[in-house]
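**Q**
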Amino acid sequence: MTPSVSVVRAAEGETLNVLGVAVRFLCRAGDTHHAWSLMENVIPTNAGPPPHQHPWDEAYFVIAGEVEFQIGERRERVRAGDFIYAPGGAMHAFHGVSQVAARMLIFDVPAHAEAFFRELHREVTEVPRDLAKLPAIGARHGLLFASRSE
């Protein structure tokens, strides 16, 4: 059996709104037998996920703008050309900090984020009103969100 080749052109690819971040799928879980997936994020200033953890690894490469990460107790501001790795199990969060929206690639191994992002896109349509739904949605997909006191 010949492996299938996937090509996503610049103006193509499904894009979801996830907590105010545009998430465009470049390589889906199904394309790699769930081995990994790749997404492009467009992150407006102050937008991004709250602190959370999950068992899969994620790697981030900033294409444009600046993004502030918190991984465990460590804070890092990364900009275009910078790379950051968050191992599975690490509590982490990020948000855009540049005046214009940042662009970043996210690589997850093994692929797990796609179904979670789809559910967030459907169920969390108004922030902050719908944020109370995050813990239950996360639990269904193996994610744990930090409590407000953490």
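My numbering puts the first residue of the sequence shown at 23, with every later residue one more than the last.
Even glycine gets a Cβ: it sits at the ideal position worked out from N, Cα and C.
(1) Suppose the cutoff is 6 Å on Cβ atoms and the five residues either side in sequence are ignored; what does the same chain contact list for R125 look like?
(2) So G111 and P77 are in contact, right, with Cβ under 8 Å, and what is the actual spacing, rounded?
(3) Along the chain, where does the beta strand (DSSP E) containing A86 start, and where does it finish?
(4) Please return the same chain residues whose Cβ sits closer than 6 Å to the Cβ of L153, not counting the five positions on each side in sequence.
(5) According to DSSP, is R96 part of a helix, a strand, or is it coil?
(6) For C49, which of A123, G118, I128 and R140 has the nearest alpha-carbon?
(7) Spatial neighbours of Q92 within its chain, please: CB distance less than 6 Å, with the 5 preceding and 5 following residues excluded, ordered by chain position.
(8) Run through DSSP, which three-state label would D104 get?
(9) Which first and last residues belong to the alpha helix (DSSP H) in which L142 is found?
(10) Please classify A133: is it buried, with 16 or more other beta-carbons within 10 angstroms of its beta-carbon, or exposed?
(11) Between the C-alpha atoms of E6 and F167, what's the straight-line distance to the nearest angstrom?
(12) Please classify A57 as buried or exposed, where buried requires at least 16 other C-beta atoms within 10 Å of its C-beta.
(13) So the candidates are A81, H117 and P72; which of them puts its Cα closest to the Cα of D104?
**A** The answer reads as follows:
(1) Walking along the sequence shown from the start, residue 125 turns up at place 103. Here the set comprises V64, I85 and A86.
(2) Numbered from 1 along the sequence shown, position 89 holds the residue referred to as residue 111. Numbered from 1 along the sequence shown, position 55 holds the residue referred to as residue 77. The C-beta distance from G111 to P77 rounds to 6 Å, short enough to meet the 8 Å contact threshold.
(3) Stepping through the sequence shown from its first residue, residue 86 is reached at position 64. Residues D79 to A86.
(4) As a first step, residue 153 must be located in the sequence shown, where it is residue number 131. Its chain contains no residue whose beta carbon lies nearer than 6 Å to that of L153 once the 5 sequence neighbours on both sides are disregarded.
(5) Position 74 of the sequence shown, counted from the first residue, corresponds to residue 96. R96: strand per DSSP, three-state reduction.
(6) Counting from one through the sequence shown, the residue named residue 49 turns up at place 27. Distances from the alpha-carbon of C49 to those of A123, G118, I128 and R140 put I128 closest.
(7) Residue mapping note: residue 92 aligns to position 70 of the sequence shown, counting from 1. For Q92, the CB contacts under 6 Å within the same chain, skipping 5 residues up- and downstream, are A115 in chain order.
(8) For the purposes of this step, residue 104 is taken as the residue at position 82 of the sequence shown. Looking at D104 - three-state DSSP - the assignment turns out to be coil, as it is neither helix nor strand.
(9) Here the question's residue 142 lines up with position 120 in the sequence shown. L142 -> alpha helix (DSSP H) spans A135 to E145.
(10) Numbered from 1 along the sequence shown, position 111 holds the residue referred to as residue 133. When all chains shown are included, A133 counts as buried.
(11) There is simply no residue 6 to check, as the chain begins at 23 and stops at 172 in what is shown.
(12) Mapped onto the sequence shown, residue 57 falls at position 35. Counting Cβ neighbours within 10 Å, A57 comes out exposed, since fewer than 16 surround it.
(13) Looking up residue 104 in the sequence shown gives position 82. Checked all of A81, H117 and P72; the closest Cα to D104 is A81.
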